[in-house]
Amino acid sequence: MVSETEPKGPKTAASRRNFLKTGLMAGAAVATGTGVAKAAGDPLITEIQDWNRYLGEGVDAAPYGSPSEFEAHVVRRNVPWLTADPVSSINFTPLHELDGIITPNGLCFERHHGGTAVINPAEHRLMINGLVDTPLVFTMEDLKRFPRENRVYFLECAANGGMEWRGAQLNGCQFTHGMIHCVVYTGVPLRYLLEEAGVKTNGKWLLAEGADASAMTRSIPMEKALDDCLVAFKMNGEALRAEQGYPLRLCVPGWEGNMWVKWLRRLEVGDEPWHQREETSKYTDLLASGKARRHTWVMDVKSVITSPSPQAPVTHGKGPLVISGLAWSGDGTIKRVDVSIDGGRNWQQARIDGPSLPKALHRFYLDINWDGSDLLLQSRAIDDQGFVQPTKNELRSARGENSIYHNNGIQTWHVNTDGVVENVEVS
Amino acid sequence: PSKGAFGLGRVAMPAEVAAWDIDIRPDGMGLPAGKGTVADGEPIYTEACAVCHGDFGEGAGRWPVLAGGQDSLTRERPEKTIGSYWPYLSTVFDYVRRAMPFGDARSLSDDDVYALTAYLLYLNDVVDDEEFELSNENFASVRLPNETNFFDDNRMDEPHYAKGVEPCMSDCKPGPVEITARAQVLDVTPEGEGDENT
Chain G
9 MVSETEPKGP
19 KTAASRRNFL
29 KTGLMAGAAV
39 ATGTGVAKAA
49 GDPLITEIQD
59 WNRYLGEGVD
69 AAPYGSPSEF
79 EAHVVRRNVP
89 WLTADPVSSI
99 NFTPLHELDG
109 IITPNGLCFE
119 RHHGGTAVIN
129 PAEHRLMING
139 LVDTPLVFTM
149 EDLKRFPREN
159 RVYFLECAAN
169 GGMEWRGAQL
179 NGCQFTHGMI
189 HCVVYTGVPL
199 RYLLEEAGVK
209 TNGKWLLAEG
219 ADASAMTRSI
229 PMEKALDDCL
239 VAFKMNGEAL
249 RAEQGYPLRL
259 CVPGWEGNMW
269 VKWLRRLEVG
279 DEPWHQREET
289 SKYTDLLASG
299 KARRHTWVMD
309 VKSVITSPSP
319 QAPVTHGKGP
329 LVISGLAWSG
339 DGTIKRVDVS
349 IDGGRNWQQA
359 RIDGPSLPKA
369 LHRFYLDINW
379 DGSDLLLQSR
389 AIDDQGFVQP
399 TKNELRSARG
409 ENSIYHNNGI
419 QTWHVNTDGV
429 VENVEVS
Chain R
4 PSKGAFGLGR
14 VAMPAEVAAW
24 DIDIRPDGMG
34 LPAGKGTVAD
44 GEPIYTEACA
54 VCHGDFGEGA
64 GRWPVLAGGQ
74 DSLTRERPEK
84 TIGSYWPYLS
94 TVFDYVRRAM
104 PFGDARSLSD
114 DDVYALTAYL
124 LYLNDVVDDE
134 EFELSNENFA
144 SVRLPNETNF
154 FDDNRMDEPH
164 YAKGVEPCMS
174 DCKPGPVEIT
184 ARAQVLDVTP
194 EGEGDENT
């Protein structure tokens, strides 16, 4: 490949950079052929490489670092035909390239209804009004004087997998399952703020409102607000990203992502729900009967194999194969994940590795010895409440095909003998 | 100022609450004083809304359809509009005033929003008189056709939610499993990693 024909010797910075770029292709080719060593040896070993000879960048080159340029393909992607406009739209976390349970901030999927609001935290205000003893206004400085909590939570869009209700449609877990992220949130328990204002005894509901151009609003029952909701200003240790609600967002653990109001500016206490657009026209689940469920808040037990998957084919041939995936439940922790390689006829228990935290992503693995035959891969999560992830057909028989939201059905990947993987449905 | 444990924050001024608290409930709580007729709403709609939502609420391109679709909710492709799906008129007023026109939110006067709401009722055949006037006085008496077809989450009644049932581990399906649908056939996924989704 290019690296073998390129003349050796001193290089300018520009040509070295060029080499690094072409090296990405060469590296991929080498990686797939690690078993085949030439008699003279692997030139990547027998020849002195540039990075072994020339100096690298100094510590002042990147005050805020970025991923290696060889990871440039690990990015959020969108599907333009899904929405009328990229401003009220969605993009997808590249789950197929990630591991562990924490999503890097720059890769957390985005869902806006009026684009990304850009707000100077010095100009941000949070108001609490309605059925309270004292309506209050907080600055960001005020909010940072309350006691804090750190919690790891997944945030899953209610519509994650929504395009798959009618059948296999998008070819990759980034697109079928990537409206999710999981980070460490730092913030103030919502109940501290509500107690500061003093909720009246008839205050049973909370309306959360954003400061962006969609002025997003959702009604939340007071029990949830006083239970585990957070008003967060940090994610994975640093300030929220602008597209994730900087400087302030609501965390509603285990519940559909739409309720995690970004750019949070107001909390109103009331005695009834408000039935706002995002809880009537949207985020209601139409059933085959023509009637619709509302207030479907919890995100049910779910899982997906992230590798192999359509964007992460098997390129190494037969032998040891790591099946890696994610499982989560809005009801608690994941107790068990089963994996099938024959389309759900037979199952074996996978290994959960890493932290097992309530309402957070869990990482599972099943290490197999692939014989090179066709596989129909599935994963099935079970949470600590005893709920078992259903099949898509079980969901369809209960709900029809027009619910849009809350598709937690079991995903099937077909791995063919070449290692190519496809999103399929099975009998 | 507060009675809370921390004494943080300050009392919200009435003018501040009035500026931000513009939400409306189905019972009419939160409605501002004002009024507007179907005939008043038509030119506002044509000027500010029709470019995206179509002259008759039919939706331009992939922009939302606002009218029609009655009796489509049990069909294979339901059309969920204000007239066919939305339960409450309060949501129309609230959302239009809060977030529309897309890209120029909060630009309409309260009377404009009453008039537009009246016009949307007309486009959806909920009212048929162009002189119909919607106001804070009669607002809560207007009902949308699909109001009664929503119910609170009852997913737990579905059979697959049965707790503690040990799922099948072996020989769970009678014969070899067959592929019944393939995403590749549809071919609607954006192309490989390198492209910019053009």
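Sequences listed follow chains G and R, in order.
Residue numbering for the first sequence follows my numbering, starting at 9 and increasing by one per position.
Residue numbering for the second sequence follows my numbering, starting at 4 and increasing by one per position.
All C-beta atoms in this analysis are idealised placements derived from N, C-alpha and C, irrespective of residue type, glycine included.
For residue 55(G), count neighbouring Cβ atoms within 10 angstroms of its own Cβ and tell me buried if that reaches 16, exposed if not. exposed
Mind checking the segment 341-375 of chain G against chain R and listing, in chain order, the residues whose C-beta falls within less than 9 angstroms of any C-beta there? 346, 348, 350, 351, 352, 353, 354, 355, 356 and 357
First and last residue of the beta strand (DSSP E) that includes residue 105(R)? Note, residue 105(R): premise wrong, no beta strand (DSSP E); not H, not E.
DSSP-derived helix/strand/coil call for residue 182(G): helix
Return the CA-CA distance between residue 73(R) and residue 122(G), expressed in angstroms with no decimal places. 29 angstroms
Closer than 7 angstroms by beta-carbon distance: list the chain G residues that pair up with residue 135(R), in chain order. In chain order: nothing, as chain G lies at least about 23 angstroms away.
Kindly indicate if chain R contains any beta-carbon less than 8 angstroms away from that of residue 169(G). no
Residue 115(R): which of 138(R), 105(R), 88(R) and 130(R) sits nearest, CA to CA? 138(R)
Residue 410(G) versus residue 77(R): straight-line alpha-carbon distance, rounded: 9 angstroms
Quick one: what does DSSP say residue 173(R) is sitting in, helix, strand or coil? coil
Helix or strand or just coil, what does DSSP make of residue 30(G)? Low per-residue confidence applies at residue 30(G): pLDDT is 41, beneath 50, and the placement is therefore not dependable, though the value from the model is reported in the following sentence. Helix.
Would the beta-carbon of residue 40(R) fall within 8 angstroms of that of residue 143(R)? no
So, for residue 97(G): in the same chain, excluding its five sequence neighbours on each side, which residues have a beta-carbon less than 6 angstroms away from its beta-carbon? 91
Residues in the same chain with beta-carbon distance under 6 angstroms from residue 113(R), minus the five sequence neighbours each way, listed in chain order, please. 35 and 37
Any beta-carbon of chain R closer than 8 angstroms to the one on residue 118(G)? no
Just to confirm my understanding: we take residue 272(G), look at its own chain, exclude 5 residues before and 5 after, and list those with CB closer than 8 angstroms. What are they? 134, 216, 217, 218, 219, 239, 253, 256, 257 and 258
Taking residue 202(R) as part of the beta strand (DSSP E), name the residues at either end of that continuous run. Because residue 202(R) is not part of the residues shown, which for chain R are 4 to 201, the question remains open.
Is the CB of residue 156(R) under 8 angstroms away from at least one CB in chain G? yes
Assuming the contact rule is C-beta atoms closer than 8 angstroms, residue 317(G) and residue 429(G) should be a hit. Round their C-beta distance to whole Å, please. 6 angstroms
Within this structure, are the beta carbons of residue 67(R) and residue 153(R) separated by less than 8 angstroms? no
State the start and end residues of the unbroken alpha helix (DSSP H) segment that holds residue 47(R). 41-51
For residue 358(G), count neighbouring C-beta atoms within 10 Å of its own C-beta (all shown protein chains included) and say buried if the count is 16 or more, exposed if not. buried
With 8 angstroms as the threshold, decide whether the Cβ of residue 424(G) is near any Cβ in chain R. no
DSSP state of residue 3(R) mapped onto helix, strand, coil: Past the boundaries of the shown model lies residue 3(R); chain R is included only from 4 to 201, so the question cannot be answered.
I think residue 339(G) touches residue 414(G), with their Cβ atoms under 8 angstroms apart; what is that distance to the nearest whole Å? Residue 339(G) to residue 414(G), Cβ: 13 angstroms. No contact.
Would you grab the beta carbon distance between residue 169(G) and residue 103(G) for me? Rounded to a whole angstrom, and I think it's under 8 angstroms. Incorrect: roughly 12 angstroms between the Cβ atoms, too far for contact.
Residues of chain C with CB closer than 8 angstroms to the CB of residue 143(G), please, in chain order. Note that chain C does not occur in the displayed structure, where the protein chains are G and R.
Within-8 angstroms CB hit, residue 64(R) to chain G: yes
Residue 252(G) (DSSP reduced to helix, strand or coil): helix
Check each candidate in 120(R), 60(R) and 194(R) and name the one with the smallest Cα separation from residue 136(R). 120(R)
Beta-carbon within less than 6 angstroms of residue 95(G)'s beta-carbon, same chain only, minus the 5 sequence neighbours each way: which residues are those? 123
Would you mind listing the alpha helix (DSSP H) stretches within the segment 72-159 of chain G that are 4+ residues and don't spill past its ends, in chain order? 148-151
Quick check on the burial criterion: 16 or more other C-beta atoms within 10 angstroms. Buried or exposed for residue 370(G)? buried
For a test of the three-state rule: what should DSSP assign to residue 24(R), helix, strand or coil? coil
Rounded to whole angstroms, how far is the Cβ of residue 274(G) from the Cβ of residue 287(G), which I believe are closer than 8 angstroms? 16 angstroms between Cβ atoms; not a contact.
Chain R contacts made by the segment 395-414 of chain G, where a contact means CB separation under 7 angstroms: 395, 396, 398, 402, 406 and 410
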